[in-house]
Amino acid sequence: MDCPIDTDVTHLTETIINAANLSIGKTKSSTAIPNVPWWNSEIKETIKNKNKALKTFQNSGKTEDHIKLKQLRAKTKYLVKISKEKSWKTFISSIAPRTDPSLIWSKVRSLCGRSREKHTHLIVENTLHTKPNDVANLLGASFQTICSDDNYDKTFLTNNIQNRNSQYISNISPLLQDQIHLNFPISLNELNWQMNKCSSLSPGPDDIPYIFLQNLPL
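Okay, structure coming up:
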């Protein structure tokens with residue numbers, strides 16, 4: 208059975224997100240590095256310099272800035288062309304009469320920059336495991352072995368078990384006001400004070416940025 212506070216939080220979150228979807232547009236960010244084998248750091252740096260030169264020319268309009276922009280554009284095209292040719296030659300040289308067709312098409316898709324599914328395979332005791340259920344069970348068994356109590360000495364285990372079974376003793380004194388305040392419900396003033404200290408960062412798992420909460424009519 209759901210806790211009332213959880214229900215209220217879910218309702219508030221859905222209300223804010225629905226209102227934002229109706230009134231605020233969303234953009235999708237593209238990956239900074241294309242998923243192609245011919246991409247490299249030199250091309251990335253050249254494109255970065257080309258974009259800087261473009262902004263400089265747009266702001267100044269000077270002939271020398273225009274010449275520099277054209278030079279960087281030509282350099283970028285040249286590097287991309289050379290890198291593509293090198294990747295293609297590497298791909299061709301890797302093909303043999305008995306090459307698996309699935310491997311060939313996988314490399315073709317890689318050259319085109321198409322997304323492809325990633326599968327996790329494991330080799331355990333010289334045996335290749337490819338089925339997802341087998342891989343999951345093997346990983347679970349490995350994690351269980353790593354986290355097992357068998358990895359610790361008897362002295363540590365004895366003390367650890369005693370600490371687990373010992374009853375928790377509260378250190379909060381009803382005579383000290385500062386300690387009692389720790390268990391008081393959070394007030395609206397405390398919430399507003401904390402929200403005013405928050406900077407506008409990326410939203411968390413609930414997709415609600417701080418700026419939304421800061422502008423709520425509380």
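Numbering-wise (this note's numbering), the sequence shown opens with residue 208 and increments by one.
A virtual CB, placed ideally from N, CA and C, is assigned to each residue, including glycine.
Runs of the alpha helix (DSSP H) spanning 4 or more residues and lying entirely within the region 270-352 occur at 270-300, 308-319, in chain order. Taking C-beta atoms as the reference points, residue 342 and residue 328 count as a pair closer than 9 Å. Residue 264 carries a helical assignment under DSSP once its states are collapsed to helix, strand and coil. In the assembly as shown, residue 364 is an exposed residue. Its beta-carbon has fewer than 16 other beta-carbons within 10 Å. By the Cβ test, the region 392-403 is not in contact with the region 211-225, since fewer than three Cβ pairs between them sit closer than 8 Å.
DSSP places residue 230 inside the alpha helix (DSSP H), whose first and last residues are 211-230. Around residue 412, the same chain offers no residue with a beta carbon nearer than 6 Å, after the five sequence neighbours per side are excluded. One thing to note: residue 227 has its Cβ within 9 Å of the Cβ of residue 415. Of 282, 283, 284, 261, the smallest CA-CA separation from residue 273 is found for 261.
By the neighbour-count criterion, in which a residue is buried when 16 or more other Cβ atoms sit within 10 angstroms of its Cβ, residue 346 is exposed. Counting other Cβ atoms within 10 Å of its Cβ, residue 257 reaches 16 or more and is therefore classed as buried.
Within the same chain, Cβ atoms closer than 8 Å to the Cβ of residue 287 are found at 245, 250, the five residues on either side in sequence being excluded.
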